[in-house]
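Undergrad: Starting off with a structure, shown below.
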Amino acid sequence: MDITDLSIKIIAADRRALSKAITLVESSRADHRALAAELIEKLKDSNRQAIRIGLSGTPGVGKSTFIESFGLMLTGLGLRVAVLAVDPSSARSGGSILGDKTRMEQLSRDRNAFIRPSPAQSHLGGVARRTREAVALCEAAGFDVVLIETVGVGQSETVVAEMTDLFILLLAPAGGDELQGVKRGIMEMADIILINKADGDLKPAATRTCADYTGALRLMRKRPQDPEGFPKAMMVSSVQNEGLATAWDEMQALANWRRETGHFDARRREQARYWFEEELRQGVLAQLETATAQAAMKDYGDQVAEGKISPDIAAQEVLKRLKP
Ligand code: GDP
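Going by our numbering, the final residue of the sequence shown carries number 405, and the count climbs one at a time with no gaps.
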């Protein structure tokens, strides 16, 4: 595979080259990993920057409907939009949240949109790396907006928040007056909470839910990366195309404020450090999986269990035996 040629094509926004490159970064084969690393390194100097938007929400809240409407609105404004997904459950279900062809039907046919289904991969670490690299590829290919969708199932939000500039939480109108059991940690990650389905019979409930979240957000500790009025809750209807333009205005206002105040770049730098440390951790854990390490673990584990050696000294001994 000619990496230089591939990188030139990606910079020229060649969609087939982009797809091929994403397939390459998804591969776990050692030779593919090396080529992928070379490609990412080559593209680093393209200096193109998209706005990376994370979007989370439980199944049924309307993520794909929102992305379809919001994406079409953006392409209508002349912007190029890429949609990626982090779906840790895809390995279990064998499918993927974006794999279903009926989702985002119009957007997937739009020349200015690029939709990439989540690959089936077993662990979140692998999915995270693949998605990070896919984001880098889409940025180099000149996309203006990269949307990263995730299902609200705990850890995957953290992963998405750590690779995006803005994090959007999509909610549906609540029946009661409870805050839908949204975990505090997830609320704290959100820059904008969008109450979807604010239309028809659901409009009154959406209005109540929006007021509830506005109140809850006000009670939260002020974050240095937020201008006055953020994080905020807003209502949208993805089906009726309502509130989407306002939501985009707010996203841009927030991103622009962060750019001007240095928070935008600071966040990306912190994210780069986070992923470096995460890769390092994963690398060390992988060393523990080798046959030699496993054998040493078993051997020393037995000795620890029999009281022959203390756990910390045994651990030091095994660490010494890890592949340098
Ligand atoms: P996802 O699982 O989060 O991707 O949710 P979907 O986009 O598949 O939507 C789930 C259901 O909610 C579908 O039946 C949609 O038609 C419906 N839905 C999505 N957005 C809206 C909206 O803005 N208003 C209303 N009334 N229904 C919506």
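Ideal Cβ placement from N, Cα and C applies to all residues, glycine included.
Quick caveat, the model's predicted, so the values are computed rather than measured.
1. How many Å lie between leucine 300 and valine 399 at the Cα?
2. Going by beta-carbon coordinates alone, are arginine 197 and leucine 247 separated by less than 8 angstroms?
3. With H, G and I counted as helix, E and B as strand and the rest as coil, what does DSSP make of glutamate 230?
4. Given a cut-off of 8 angstroms, decide if alanine 279 and valine 310 are closer than it, judged by their beta-carbon atoms.
5. Is glycine 152 near the ligand GDP, going by C-beta to nearest heavy atom under 7 angstroms?
6. Considering lysine 313, what are the terminal residues of the beta strand (DSSP E) in which it resides?
7. Can you list, in chain order, the residues of its chain whose CB lies under 8 angstroms from that of methionine 315, leaving out five sequence neighbours each side?
8. What does a CB cutoff of less than 7 angstroms around alanine 242 pick up in its chain, not counting 5 residues either side in sequence?
9. Secondary structure at isoleucine 178, three-state DSSP: helix, strand or coil?
10. Give the DSSP bridge partners of serine 137, in chain order.
11. Give me whichever residues DSSP pairs with isoleucine 196 in a beta bridge.
12. Below 8 angstroms between beta carbons: does that hold for threonine 231 and aspartate 168?
13. I want to check one thing, is the minimum distance from the CB of lysine 264 to the heavy atoms of the ligand ADP below 7 angstroms?
14. Under 8 angstroms between the Cβ atoms of isoleucine 92 and alanine 194?
15. Which residues in the same chain have their Cβ closer than 6 angstroms to the Cβ of aspartate 191, if we skip the five residues on either side of it in sequence?
16. If you run the structure through DSSP and keep just helix, strand and coil, what is isoleucine 91?
TA: Walking through what the data contain:
1. Numbered from 1 along the sequence shown, position 219 holds the residue referred to as residue 300. Numbered from 1 along the sequence shown, position 318 holds the residue referred to as residue 399. Answer to the nearest angstrom: the Cα atoms are 48 angstroms apart.
2. Indexing the sequence shown from 1 puts residue 197 at position 116. Indexing the sequence shown from 1 puts residue 247 at position 166. No. Outside cutoff.
3. On the sequence shown, residue 230 is found 149 positions in, with the first residue counted as 1. Glutamate 230: strand per DSSP, three-state reduction.
4. Position 229 of the sequence shown, counted from the start, is the residue given in the question as residue 310. Position 198 of the sequence shown, counted from the start, is the residue given in the question as residue 279. Sequence check: residue 310 is glycine here, not valine. The answer is no: Cβ separation not under 8 angstroms.
5. As a first step, residue 152 must be located in the sequence shown, where it is residue number 71. Checking the Cβ of glycine 152 against the ligand GDP gives no.
6. Translated into the one-based positions of the sequence shown, residue 313 becomes position 232. Taken as a continuous stretch (DSSP letters only), the beta strand (DSSP E) holding lysine 313 covers 313 to 316.
7. Along the sequence shown, read from residue 1 onward, the residue named residue 315 stands at position 234. So the list reads Ile273, Ile274, Leu275, Ile276, Cys291, Gly324, Thr327, Ala328 and Glu331, once near-sequence residues are dropped.
8. Here residue 242 is taken as the residue at index 161 of the sequence shown, counted from 1. Gly135, Phe248 and Met270, listed in sequence order.
9. Numbered from 1 along the sequence shown, position 97 holds the residue referred to as residue 178. Low confidence applies to isoleucine 178: its pLDDT is 49, below 50, so where it sits in the model is not reliable, and the reading given next is rough at best. Three-state DSSP puts isoleucine 178 in coil, outside helix and strand.
10. The count along the sequence shown starts at 1 and reaches residue 137 at position 56. According to DSSP, serine 137 bridges with Thr231 and Leu250.
11. Position 115 of the sequence shown holds residue 196. Isoleucine 196 pairs with Val164.
12. What you label residue 231 is simply residue 150 of the sequence shown in a count that begins at 1. What you label residue 168 is simply residue 87 of the sequence shown in a count that begins at 1. Their beta carbons are under 8 angstroms apart, which means threonine 231 touches aspartate 168 by this criterion.
13. For the ligand ADP, the structure offers nothing, since it holds only the ligand GDP.
14. As a position in the sequence shown, residue 92 is number 11, starting the count at 1. As a position in the sequence shown, residue 194 is number 113, starting the count at 1. No, the pair does not count as a contact, with Cβ atoms beyond the cut-off.
15. In the sequence shown, counting from the first residue as 1, residue 191 sits at position 110. Closer than 6 angstroms at the Cβ level, and outside the excluded window around aspartate 191, lie Thr156.
16. Looking up residue 91 in the sequence shown gives position 10. Isoleucine 91: helix per DSSP, three-state reduction.
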